[in-house]
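Novice: This is the structure, below, for whatever I ask next.
4 protein chains.
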Amino acid sequence: MDVSRSAVRDELGTSKASARIRAAAIEVFAAKGYGAAGTREIAASIGLSPGAVYPHYKTKEALLYAISLEGHSSVLDVVTAAAHAGASATERLISTVNAYVMWHADNHTGARVAQYELRSLSPEHFTVIAEIRRSTSRVFSEIIETGAAAGEFDPVDVGVATLAITSLGVDVSRWFPSKTYSDADVIAAGYVELALRMVGARRS
Amino acid sequence: MDVSRSAVRDELGTSKASARIRAAAIEVFAAKGYGAAGTREIAASIGLSPGAVYPHYKTKEALLYAISLEGHSSVLDVVTAAAHAGASATERLISTVNAYVMWHADNHTGARVAQYELRSLSPEHFTVIAEIRRSTSRVFSEIIETGAAAGEFDPVDVGVATLAITSLGVDVSRWFPSKTYSDADVIAAGYVELALRMVGARRS
Amino acid sequence: MDVSRSAVRDELGTSKASARIRAAAIEVFAAKGYGAAGTREIAASIGLSPGAVYPHYKTKEALLYAISLEGHSSVLDVVTAAAHAGASATERLISTVNAYVMWHADNHTGARVAQYELRSLSPEHFTVIAEIRRSTSRVFSEIIETGAAAGEFDPVDVGVATLAITSLGVDVSRWFPSKTYSDADVIAAGYVELALRMVGARRS
Amino acid sequence: MDVSRSAVRDELGTSKASARIRAAAIEVFAAKGYGAAGTREIAASIGLSPGAVYPHYKTKEALLYAISLEGHSSVLDVVTAAAHAGASATERLISTVNAYVMWHADNHTGARVAQYELRSLSPEHFTVIAEIRRSTSRVFSEIIETGAAAGEFDPVDVGVATLAITSLGVDVSRWFPSKTYSDADVIAAGYVELALRMVGARRS
DNA sequence: GATGAATGAGACTTCATTCAT
DNA sequence: AATGAATGAAGTCTCATTCAT
């Protein structure tokens, strides 16, 4: 775990400049889409010349990969930590859905890039990200299975419930913030409630 | 209504050639994203020369708009029709969620373009599409409100429930088909069940 | 033969514009070397915008290939024709060396590109050109062998003689014209005399 | 002479590192051509960072000049020494042609750069190299003139013979080694024989 | 002497779009 | 309607070179 964590850190780029470039790229990728975004524009947005990106990221795709890796690693960390908070499946589901939705709302710009630009990754890079995403999904599945087996939840199609809950979270990064919902806590609380209903969690 | 419907038809392009171009553009836009897609590639994919698109669509953005307009008009039609099927709110919700999810699964390629490339529309065109989308949302809100008021459903935050249900539908077009879920009926049935649980619909 | 000839013609580009581009490219490639030459400069030298080259030649390398193919095909044609002029090996050698040297002097710019930029061809294209060059060499070898077998020439290492004669011709394109030798006929006549001495041709 | 020799040595760069850089540059220049070669690639090929070349050679062209100067000075030395070996013009021609061809075969990589990248030198640097090359040519011309005047050789156009002999030598660096001729001694012996025939040297 | 990020210019190439045919 | 050469701008990326460390 520590090993993979530091491997990730190295692939991201460790210097201060590379972090600034990543942040700038997130903004531009999110605003215009990866395909329409220009490396020129990314560089210019932080006062660099067009070529200055390349000592840090060899290609535009490498930059997207670094952003994706950072994002998906971060969600997995957050979700994994949340899944340990609480004794009952219900408490764990509450904590985890909350964390997942909060992450997508708080980091909606980076999340948008990480979630919606995957098709532009190279096949090799895509494979790495896909595996992290599967790990994240498994966290939800495990909780739902555990809760159902323990009789805390109603019988439920675990696959569909997992898909629905993660879908809701991912989709937050597409529209958040909206005129109606611009408070991450509010939408997280609302989606936690819906998730509990989906699995038929008993209430106290 | 009839007026707007035929207006839509005219803006789409009526000729057989324009329909082929639209279909080709959907494939390319969906595969690479609007920004990365080229008009040359669209033309070439149906055996046309680069210039041949322009008698039909004056700009690449006009082509995206036509696709978006066709898509969102179509969902609204489908959802509106479904909302009239059945007497009770429960029946209407089942019918409508089913129709919405089915549409996004069956038309996942076109839906992907219509739902995820909106940022590339001109402000004027975006406004038109946004209004149609709001109409579609209102169909769901109205059913949920009606059901709650009638005591068919549990008390529920209508805004959040509407957002969640439409989110689930939209997000289908992002991932469908997957290895696990490649049958539109199956995912639609699963999501209908979850929607009913979200609103706390009484079951017979 | 007719087939291959017309195949060559098609690969060269048949339009008037592509011929102008090829001519412009020869000048720039010869003056600065393929690597240092710019497509921009080629285009500008005939009043075109930078992108205007690309409908005719998909890459800079394709342009080099067209030039190489045209050049080497042309030498082979010239040399083959010359090798049929005359009954004796001596007459044929005179005619062929003369034609080969004249070609490299008259077309020294194009010849320079064709002969000295081969390393920049793709492996596939290089293979095609290399085969044509071998055919050209074979013409000389056959004449020398024939002359030696008939007792017209002294015994001679055919391989070395062929190599030397073709080397002299190729090298003409490197330096021609010089202050001392700027008349193609003069250098051709001089080299014909030396070639006859190399093979020990009997004189009348 | 001593003066100019040490002046050359200073312009070349005297340190061990500069010699390694020159050697690396020869490889890259020869493989891709001066224009297409990058200083980065040269540095990387000997494990240096991009900037590390510049303390030794102020510009890429200075590096080419050092290589050219070293090469052409070396040929002149070799040829001058060989021209003193032997009493008769025939012996001296044999020795000198042999030395010239051997040098171009043994040092074919460096020779290629020195002989074929001259156009990329600055005018000032080109002038220096051109003078050395003229000196080298004069060595051949003097021998041929002497031999002809002494009746050792047939009457011959000295200019053409000199040009042909030096052409053959230079051109060796273009193609050597080939599948057929990869032994420097063999090609040198063959060209010596041809040179003797060119000038009509009497044989013992 | 060496490093490596940064510059400013420019590389090849592709883009959406126009227009004469 | 369709072609395809051409434009002008912009794309990603590499270049030789500099400079603070």
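So the sequence lines, in the order shown, correspond to chains A, B, C and D.
When the count follows my numbering, it moves up by one through the first sequence with no breaks and lands on 219 for the last residue.
When the count follows my numbering, it moves up by one through the second sequence with no breaks and lands on 219 for the last residue.
When the count follows my numbering, it moves up by one through the third sequence with no breaks and lands on 219 for the last residue.
When the count follows my numbering, it moves up by one through the fourth sequence with no breaks and lands on 219 for the last residue.
For glycine and all other residues, C-beta sits at the position ideal for the given N, C-alpha and C.
(1) Given a threshold of 16 other Cβ atoms within 10 Å of its Cβ, counted over all protein chains shown, does residue 99(A) qualify as buried or as exposed?
(2) In chain order, what residues of the region 53–83 of chain B put their CB closer than 7 Å to some CB of chain A?
(3) For residue 160(B), decide whether its Cβ has a neighbour in chain A, counting only Cβ atoms nearer than 9 Å.
(4) In chain A, what lies closer than 8 Å to residue 185(B) by C-beta?
(5) Does any residue of chain B bring its CB to less than 9 Å from the CB of residue 195(A)?
(6) Using Cβ-Cβ distances below 8 Å, what residues of the region 34–54 of chain C are close to chain D?
(7) Excluding five sequence neighbours on each side, which residues of the same chain lie with their C-beta closer than 7 Å to the C-beta of residue 176(B)?
(8) Give a yes or no on whether 9 Å exceeds the smallest Cβ distance from residue 18(A) to chain B.
(9) Taking any Cβ of chain B, which residues in the region 100–114 of chain A have a Cβ under 7 Å from it, in chain order?
(10) Using a Cβ-Cβ cut-off of less than 8 Å, list which residues of the region 163–176 of chain B approach chain A; keep chain order.
(11) Would you say residue 218(B) faces chain A, with C-beta separation under 9 Å as the test?
(12) Using DSSP with H/G/I as helix, E/B as strand and the rest coil, what is residue 186(D)?
(13) Less than 6 Å between C-beta atoms, sequence neighbours within five positions excluded: which residues of the same chain meet that for residue 119(C)?
(14) So which residues of chain B does residue 212(A) contact, with C-beta pairs closer than 9 Å?
(15) Is there contact here, the region 77–84 of chain C with the region 124–140 of chain C, by at least three beta-carbon pairs under 8 Å?
(16) Pairs of beta-carbons, one from the region 85–102 of chain D and one from the region 131–151 of chain D, closer than 8 Å: are there three or more?
(17) Should residue 178(C) be flagged as near chain D, meaning a C-beta pair shorter than 9 Å?
(18) Quick one: which chain B residues come within Cβ less than 9 Å of residue 205(A)?
(19) Starting from the beta carbon of residue 134(C), find every residue of chain D whose beta carbon is closer than 8 Å, and list them in chain order.
(20) Between residue 54(B) and residue 140(B), what straight-line distance do the alpha-carbon atoms span, to the nearest angstrom?
(21) Judging by CA-CA distance, which residue of 83(A), 57(A), 37(A) is the nearest neighbour of residue 136(A)?
(22) What's the call for residue 262(D), buried or exposed, on a 16-neighbour Cβ count within 10 Å?
(23) How would you call residue 75(C), buried or exposed, if buried means at least 16 neighbouring beta carbons within 10 angstroms?
(24) Which class does residue 107(B) belong to by DSSP, given the choice of helix, strand or coil?
(25) Relative to the C-alpha of residue 64(D), which candidate in 70(A), 66(A), 43(A) has its C-alpha closest?
(26) Compare the C-alpha of residue 133(D) against each of 157(D), 171(D), 170(D), 50(D) and name the closest.
(27) Looking at the secondary structure, which residues open and close the alpha helix (DSSP H) in which residue 88(D) lies?
(28) Leaving out five residues on either side along the sequence, give the residues of the same chain with a beta carbon under 6 Å from the beta carbon of residue 168(D).
(29) Would you identify the three-state DSSP class for residue 215(C), choosing helix, strand or coil?
(30) For residue 180(B), which option in 142(B), 111(B), 89(B) has the closest C-alpha, if you only look at C-alpha atoms?
(31) For residue 56(C), I'd like the list of residues in its chain whose CB is within less than 6 Å of its CB, leaving aside the five on either flank, ordered along the chain.
(32) Can you tell me which of 207(B), 40(B), 165(B) puts its alpha carbon nearest to the alpha carbon of residue 124(B)?
(33) So is residue 199(B) buried or exposed if we call it buried at 16+ other beta carbons inside 10 Å?
(34) Hey, would you say residue 115(B) sits closer than 9 Å to residue 178(A), going by beta carbons?
(35) Decide if residue 48(C) is buried, meaning its Cβ has at least 16 other Cβ atoms within 10 Å, or exposed.
Specialist: So, to answer that:
(1) Using a 10 angstroms sphere on the CB of residue 99(A), the tally of other CB atoms stays under 16, which defines it as exposed.
(2) Hits within the stretch: zero.
(3) Chain A, which has no Cβ nearer than 9 Å to the Cβ of residue 160(B), makes this no.
(4) Within chain A, the residues whose beta carbon sits less than 8 Å from that of residue 185(B) are 186, 189, listed in sequence order.
(5) Using a CB distance cut-off of 9 Å, residue 195(A) counts as an interface residue toward chain B.
(6) The region 34–54 of chain C vs chain D, Cβ under 8 Å: 46, 47, 48, 49, 50, 51, 52.
(7) So the qualifying residues of the chain are 159, 213, 214.
(8) In this prediction, residue 18(A) scores a pLDDT of 44, lower than 50, which makes its location untrustworthy; the coordinate-derived value is nonetheless stated afterwards. No - not a single Cβ of chain B is within 9 Å of the one on residue 18(A).
(9) Of all residues in the region 100–114 of chain A, none is placed with a Cβ closer than 7 Å to any Cβ belonging to chain B.
(10) Considering only beta carbons, the part of the region 163–176 of chain B lying closer than 8 Å to chain A consists of 172, 174, 175, 176, in chain order.
(11) Residue contact check for residue 218(B) against chain A: no CB pair falls below 9 Å.
(12) Looking at residue 186(D) - three-state DSSP - the assignment turns out to be helix.
(13) Contacts found: 126, 184, 187, 188.
(14) Within chain B, the residues near residue 212(A) are 169, 171, 209, 212, 213, 214, 215.
(15) Under the Cβ criterion (8 Å, minimum of three pairs), the region 77–84 of chain C counts as touching the region 124–140 of chain C.
(16) Verdict: yes, contact present.
(17) It does; some Cβ of chain D falls within 9 Å.
(18) The answer, in chain order, is 172, 174, 175, 176, 178, 179.
(19) In chain order: 46, 47, 48.
(20) Those two C-alpha atoms are separated by around 20 Å.
(21) A check of alpha carbon separations from residue 136(A) across 83(A), 57(A), 37(A) identifies 83(A) as the nearest.
(22) Absent from the structure is residue 262(D), since the part of chain D shown begins at 16 and ends at 219.
(23) A residue is called buried when at least 16 other Cβ atoms come within 10 angstroms of its Cβ; residue 75(C) meets this threshold and is buried.
(24) Look at residue 107(B) here: in three-state DSSP terms it is helix.
(25) Minimum Cα-Cα distance from residue 64(D) among the listed residues 70(A), 66(A), 43(A) corresponds to 70(A).
(26) Checking every option, the nearest Cα to that of residue 133(D) belongs to 50(D).
(27) First-last of the alpha helix (DSSP H) with residue 88(D): 75–98.
(28) Closer than 6 Å at Cβ, skipping near neighbours: 162, 214, 215, 216.
(29) If DSSP states are grouped into helix, strand and coil, residue 215(C) belongs with coil.
(30) Among 142(B), 111(B), 89(B), the Cα nearest to that of residue 180(B) belongs to 111(B).
(31) If we look at residue 56(C) and ignore the five residues flanking it on each side, its Cβ neighbours are 43.
(32) Of 207(B), 40(B), 165(B), the residue nearest in Cα terms is 40(B).
(33) Residue 199(B) should be labelled buried.
(34) For residue 115(B) and residue 178(A), no; Cβs fall outside 9 Å.
(35) When all chains shown are included, residue 48(C) counts as buried.
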